[in-house]
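> Have a look at the structure that comes next, please.
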Amino acid sequence: MAKSEKRLSLSFETIGSIAAIVIGACALFVAWDQAQIMRKQQHASVLPVLNVSGGLSSEGDRHVLTVSVRNDGIGPAVIESADLFVGGAPVKDWPDLRDRFMPEALRKDFQSNLDTAVGILAAGHEAQAIVFSWPSNEETDAGFEMLRQRVFSGDPDDAFFGVCYCSVFDRCWKNTPDNRAVPEPVKSCERAGSDVVARLLQTISEDEAS
15 MAKSEKRLSL SFETIGSIAA IVIGACALFV AWDQAQIMRK QQHASVLPVL
65 NVSGGLSSEG DRHVLTVSVR NDGIGPAVIE SADLFVGGAP VKDWPDLRDR
115 FMPEALRKDF QSNLDTAVGI LAAGHEAQAI VFSWPSNEET DAGFEMLRQR
165 VFSGDPDDAF FGVCYCSVFD RCWKNTPDNR AVPEPVKSCE RAGSDVVARL
215 LQTISEDEAS
């Protein structure tokens, strides 16, 4: 009788141990699953979405070219790099942009308002990265019309302003000519620190001083 009770006791102990292991594993899985859900919610709550737009307009007695970056997401965007491409090749500096993109009539007598494109852009905010303007006269009117024709009638990818940016949780995206509307997720920004706007600002100043 004693042996039978001992076997029964051992069986209950074994079953209890197995049950405890199963319950512990289930609890661990539930905790992990909840953590994943919370993590996704955290990422979604600070998701940045950058949209780049360009414009050509004639305002009063001036012609104006602008490139703007707007954060339409719900979290801040950490812009790691900004590059301007003409004909598929990155623009190095102002002489490069001038010679490859600007009509002859627009290569002088202009005003520029340039600010670094790299940095933090808050949700709902817009930054004008590039602004060029020219006084309206017969020469610049013709040059601006040539520029307008190139931008709106030519290949839409001929001139493209691309940015790579990250969320505060280091999830990163970049926009390319192939995915203007939906930025492409990337592991990191390969060209971090590259800022074409800063290079334009520096080389325009050098060009004016020479």
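Each residue of the sequence shown is one higher than the one before, starting from 15 at the first, in my numbering.
Glycine included, C-beta positions come from ideal geometry on N, C-alpha and C.
1) Can you tell me whether His-77 is buried or exposed? The criterion is at least 16 other CB atoms within 10 Å of its CB, across all chains shown.
2) Should Asp-47 go down as buried or exposed, given a rule of 16 or more other Cβ atoms within 10 Å for buried?
3) Is any heavy atom in the ligand NAP found nearer than 7 Å to the beta carbon of Val-81?
4) Since Ala-156 is in the alpha helix (DSSP H), which residue starts that stretch and which ends it?
5) Whole-angstrom Cβ separation of Lys-188 and Val-196, contact assumed at under 8 Å?
6) Are the CB atoms of Leu-64 and Val-92 nearer to each other than 8 Å?
7) Given 8 Å as the limit, is there contact between the segment 155 to 174 and the segment 137 to 145, that is, 3 or more CB pairs closer than that?
8) Note down the Cα distance separating Glu-153 from Ala-96, rounded to an integer number of angstroms.
9) Mapping DSSP to helix, strand and coil, what is Arg-205?
10) Please say whether Phe-175 and Val-81 have beta carbons closer to each other than 8 Å?
11) Going by DSSP, what residue range makes up the alpha helix (DSSP H) through Glu-73?
12) Round the Cβ separation of Ser-181 and Val-60 to the nearest angstrom and send it over; I've been treating them as touching at under 8 Å.
13) Where Val-100 and Asn-127 are concerned, what is the direct C-alpha to C-alpha distance, given to the nearest angstrom?
14) Using the C-alpha atoms, what's the distance from Pro-104 back to Ala-206?
15) Alpha helix (DSSP H) containing Phe-115: first to last residue?
16) Tell me whether the beta-carbon of Val-66 lies closer than 8 Å to the beta-carbon of Ile-144.
17) With a 10 Å radius around its C-beta and 16 neighbouring C-beta atoms as the bar for buried, classify Asp-119 as buried or exposed.
18) Which residue wins for smallest C-alpha separation from Ser-208, given the options Glu-198, Ser-224, Tyr-179?
Checking against the coordinates, here is how it stands:
1) buried
2) With a pLDDT of 49 at Asp-47, under the threshold of 50, the modelled position of that residue is not reliable, and the figure given next carries that caveat. Counting Cβ neighbours within 10 Å, Asp-47 comes out exposed, since fewer than 16 surround it.
3) The model depicted lacks the ligand NAP and carries no ligand whatsoever.
4) 152 to 167 is the span of the alpha helix (DSSP H), which, as asked, contains Ala-156.
5) Contact flag wrong, Cβ pair sits at about 11 Å.
6) Not closer than 8 Å, so no.
7) no
8) Each residue's CA atom was taken as its position, placing Glu-153 and Ala-96 some 32 Å apart.
9) Arg-205 falls in the coil class under three-state DSSP.
10) yes
11) Looking at the DSSP string, Glu-73 is not in any alpha helix (DSSP H); the run it does join, the beta strand (DSSP E), is 64 to 73.
12) 6 Å
13) 20 Å
14) 15 Å
15) 108 to 115
16) no
17) The residue you asked about is not Asp; residue 119 is Ala in the sequence shown. Ala-119 is buried by the Cβ-count criterion.
18) Tyr-179
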